[in-house]
Each structure stands twice: as structure tokens, then as C-alpha cells.
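In the numbering used here, the protein residues as written are 3 to 209.
Right, dumping it as C-alpha cells:
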């Protein structure tokens, strides 16, 4: 079993790598550049009667357990569908959205359940967990194409989810932003998607 120190060092290494990659996208290994802005966050409240599916998505401010038996409760707090920092500020040309590309940002809140971790055979207090490493985040266009930051211009806000602290105790919450470069003609009508390793999870409307 990994110790708290081992996990912490591992996560610190991941965070350092993330800074080098300037957020959640692949590409340049230059220093991180804040080239996107988050939306205005709202307070989350449980929405157990919402399915969280594509046809019945959660809305900003609604929280829901990821799937039955999951250790994660997820809420979308804000979305910014045109989040690029104005170009008159000090953003290098190669970190601005490419032509016909738009930066979209979601602010997520993720709360961990120690009991669910234990039921899955883990020990939250000694192992810790990371909201970024545990789940996958993507923007799904109206035509079903998923954008997860693996392509396009790297983008990052000042508070990326990848930099959120590890969670060690029941009820601990990680909050941060996910920034994705999306073709501009694919932004309208899209949804955010958060899934586990089995590709099961929740859909969130942008408003």
C-alpha cells in the first residue's frame, strides 16, 4: 500500500509536469501560461432526481454522485464558453486560440466519500486521492465529438483542477478549472462530461 508521502510526492510530480505543459493539453513544454478565464462560480446543491445523462443533464450548481457506488460527488460550478484572455495582455501568440478555435472552461467541484473508498478496498486516510487523476473530463460537441485537451492550443486558467490538492479525509473537496480548445463551430449546444475509468459518469449542460 502506498503511503501518504509517496502519493503526495507522486502528485507533486504530476503537478510539476502539468505546469510544464501549460494546463491540461499536450504541446509545448514551456512554462505555464494563464491564457483563459473561468466563469463566475455558483454554489452547488444536490440534485438527486436529475439523471445526469445527455438527455437529462445536470445544470451549473447541481451536484450528483458520479455513478452508483462511486466515491465522487461532482458539480459543475461555472462554464465560460469564450474564455481566452484578451490578446492585448501578455499572452504569447502561440498560446492564443488558433483561427476558428475557442477556449472553453468549466469549473468543477468534486467531493470524496471515505466510506465509498473503503468499500472499494482502499484507505483514503493513508492513500489519498486526486480528482484530476481519478476521472476524465471532456467537452462533448452537439455532434458527439469529445474534446479533452489532448489536441489544439494548450490552455490554462489561474486555478486549474490539475493543481488541486490531494484529498485525504471524508468530505474533502477539490475545486478547479478544466480548459479545452474546441473548434469554434462545435461550441454551441455542447455539454461537459465527467467519467470514471469505465467511461461511466455524468453530463452537464453549460447553463
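The beta carbon of each residue, even a glycine, is placed where N, CA and C say it ideally should be.
Host beta strand (DSSP E) of residue i (start-end)
| i | result |
| --- | --- |
| residue 120 | That residue, residue 120, is in no beta strand (DSSP E); its alpha helix (DSSP H) goes 116-121. |
| residue 80 | 74-82 |
Member of the options whose CA lies at the smallest distance from the CA of residue i
| i | options | result |
| --- | --- | --- |
| residue 131 | 196, 73, 155 and 207 | 73 |
| residue 189 | 64, 53 and 84 | 84 |
| residue 149 | 103, 133 and 123 | 103 |
| residue 171 | 205, 180 and 120 | 120 |
| residue 153 | 165, 99 and 134 | 99 |
| residue 146 | 97, 93, 56 and 48 | 56 |
| residue 114 | 137, 50, 93 and 173 | 173 |
| residue 185 | 135, 70 and 105 | 105 |
| residue 78 | 123, 107, 122 and 155 | 107 |
| residue 156 | 122, 129, 97 and 142 | 97 |
| residue 82 | 141, 70 and 48 | 141 |
Exposure label - residue i; buried when at least 16 CB within 10 Å
| i | result |
| --- | --- |
| residue 26 | Reliability of the predicted coordinates at residue 26 is poor, the pLDDT of 43 falling under 50, and no value is obtained from them. |
| residue 125 | exposed |
| residue 31 | Low per-residue confidence applies at residue 31: pLDDT is 36, beneath 50, and the placement is therefore not dependable, though the value from the model is reported in the following sentence. Exposed is the call here. |
| residue 205 | buried |
| residue 194 | buried |
| residue 54 | buried |
| residue 200 | exposed |
Check whether residue i and residue j have beta carbons under 8 Å apart
| i | j | result |
| --- | --- | --- |
| residue 61 | residue 75 | no |
| residue 40 | residue 179 | yes |
| residue 191 | residue 127 | no |
| residue 64 | residue 80 | no |
| residue 163 | residue 202 | no |
| residue 177 | residue 166 | yes |
| residue 198 | residue 112 | no |
| residue 109 | residue 43 | yes |
| residue 207 | residue 59 | yes |
| residue 87 | residue 38 | yes |
| residue 36 | residue 158 | yes |
Unbroken alpha helix (DSSP H) run spanning residue i, endpoints
| i | result |
| --- | --- |
| residue 227 | The displayed coordinates of the chain run from 3 to 209. Any statement about residue 227 would go beyond what the structure contains. |
| residue 133 | 133-136 |
| residue 204 | First-last for residue 204: 203-207, but that is the beta strand (DSSP E), not the alpha helix (DSSP H). |
| residue 128 | 126-129 |
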